[in-house]
Structure formats: structure tokens, C-alpha cells
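Below is one structure; the comments refer to it alone.
Residue numbers (the numbering used here), protein chains in the order written: chain A, -15 to 120; chain B, 176 to 308.
In C-alpha cells, the structure reads:
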């Protein structure tokens, strides 16, 4: 089995880098959500891998069709839920039907962002869950 | 009791028995052998029907995820176009299986927007199966 040349969460983050005032390493991160801290603003986007559907093996040749799940978590500033939702919708449109290099395609798992509510920190959160299909 | 998973199997094809070309992207294989049943029951022969084998027929159905760059899939489509015999070897576990000559009688494609494009080849046997290895 060959691994994709670019990890699925990195491919998603690269698609968003430079869009909607998102900059990789500044307010756009590849990996799970991290607490607000120096260098990690409240209004940030995190792209984390979440497994995916079982691989479908081909006959012989050690190749599979795989479907990698990536959760894009959009976290907004306090009292800025509408702005976070707008960004989440923009990200949904940016990722749906995206064809990352080395992958078959990228399709969103839902027809819009999922409202995750606000945690104890009162920061609005939305998730866009996508699946990247890969053959190899 | 030993059981066998499907994915270690393989499908190879060629114009003779060299089996030099792999058919890739195969997701399912249906290899079938069937003989006509000729009824030999007769009046006074008791209450149990009897029969003998008639002509044998065989087939193979291959379903693949469509890959226009795959030599094996392209060759099968070409054998549908020219009607020539193609030898197919199916090894169910990558070692043990059969081969026989076939002709391709159907090459169909299926596409729906959210799924991968597939193509299915239906082949009819032109001779007896030979066990491998």
C-alpha cells in the first residue's frame, strides 16, 4: 500500500492557506484543536484527520480505495458567531469538489457546516467534515 | 478450517498462456462453470429423477474501477471490439486457481455522480479450465 504523497489534513490545509485571511501557522493549523495561547488565536481553523470509511481492497497488487476523513474545525472570536459561520460556509464551498493532487477527490460529508455550539470558553465552533478519496 | 480472503487474488490476461498483463482495479470476480442437465428419468424408473451432464459452459464476470490507463482493462475492451480469444487466469488466493480461453461478450460502464466509475466485463469460456499452479 502506498501512502498519499500529501497527508489528507495537510492537503485540506493547503487548499485553505491564503484564502479568507487564513495563513498556515498563524490562524490555520494542520492537526487537532489547540487551546488559545500565544501564537494560537481564538479565531483559528484546525484540520485534523479522523480515520475514515474502511478501505476497499482491490484484487491483487496491494492497492486499496481509501476514504480519509478530515474535520475542519472553525473557531471564532467571542461574540463573533456570525463571522465564524460565514467563514465556515466559505470553507465548505472551497472544499466541496476539490481535487487534491494525488487524490481522487474531496467531498463534504454534510451539506453545510455543523454547529458545535460554544464550549466553556464561549468561543463559537463549527466543523466541516470532508472525505478525501484515494486509490493506491 | 482455512478460509481465504478475496483481496490476495489476482487476474492476469494475455493472447496466449503467458499471462503477462495484470488486470488492475478489479473489485469483484465471478468465475462460473455449469453443465446442462439432461434428464434421464423414465417411466418405471422409480420416484427419483435421474440426469446426466450435457454440454458444459463457463463464464467470468469482472468488475473494475475504471482506469483508462490500465493495460489490462484496455485489452479486455479491445477483445470485445475484435472478438478475439483472450486467456484469463484467476488465482483466488494469488497462488491457486484456474485459467481458460474466453471471448468478451459484454463490456459495460456504470457511472453515478457520487460513486466511482466502474466497468464490468462478461466473458464466455471457449474451452476447459486448467488448474494452476
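Idealized CB from N, CA, C, for every residue including glycine.
{"Asked": "Beta-carbon neighbours of residue 61 of chain A, restricted to chain B and to distances below 7 Å", "Found": "Neighbours of residue 61 of chain A on chain B: none; closest Cβ ~36 Å, over 7 Å."}
{"Asked": "At least three beta-carbon pairs within less than 8 Å, the segment 51 to 64 of chain A to the segment 32 to 39 of chain A", "Found": "yes"}
{"Asked": "N-terminal and C-terminal residue of the alpha helix (DSSP H) that residue -5 of chain A is part of", "Found": "-8 to 0"}
{"Asked": "Cβ separation of residue 106 of chain A and residue 62 of chain A, assumed to be a contact under 8 Å, to the nearest whole Å", "Found": "5 Å"}
{"Asked": "Listed by chain order, chain A residues near residue 262 of chain B by CB distance under 8 Å", "Found": "Within 8 Å Cβ-Cβ: nothing; residue 262 of chain B doesn't reach chain A, min ~17 Å."}
{"Asked": "Contact between the segment 54 to 74 of chain A and the segment -9 to 2 of chain A (3+ Cβ pairs under 8 Å)", "Found": "yes"}
{"Asked": "Cβ-Cβ distance between residue 69 of chain A and residue 110 of chain A below 8 Å", "Found": "yes"}
{"Asked": "Among A/10, A/47, A/9 and A/0, the one whose alpha carbon lies nearest that of residue -12 of chain A", "Found": "A/47"}
{"Asked": "Near-chain B residues of the segment -14 to 17 of chain A (beta-carbon distance less than 7 Å), N- to C-terminal order", "Found": "none"}
{"Asked": "Limits of the unbroken beta strand (DSSP E) element including residue 300 of chain B", "Found": "293 to 300"}
{"Asked": "Rounded straight-line distance, which links the Cα of residue 246 of chain B to that of residue 199 of chain B", "Found": "8 Å"}
{"Asked": "Distance between beta carbons of residue 241 of chain B and residue 292 of chain B, contact taken as under 8 Å", "Found": "4 Å"}
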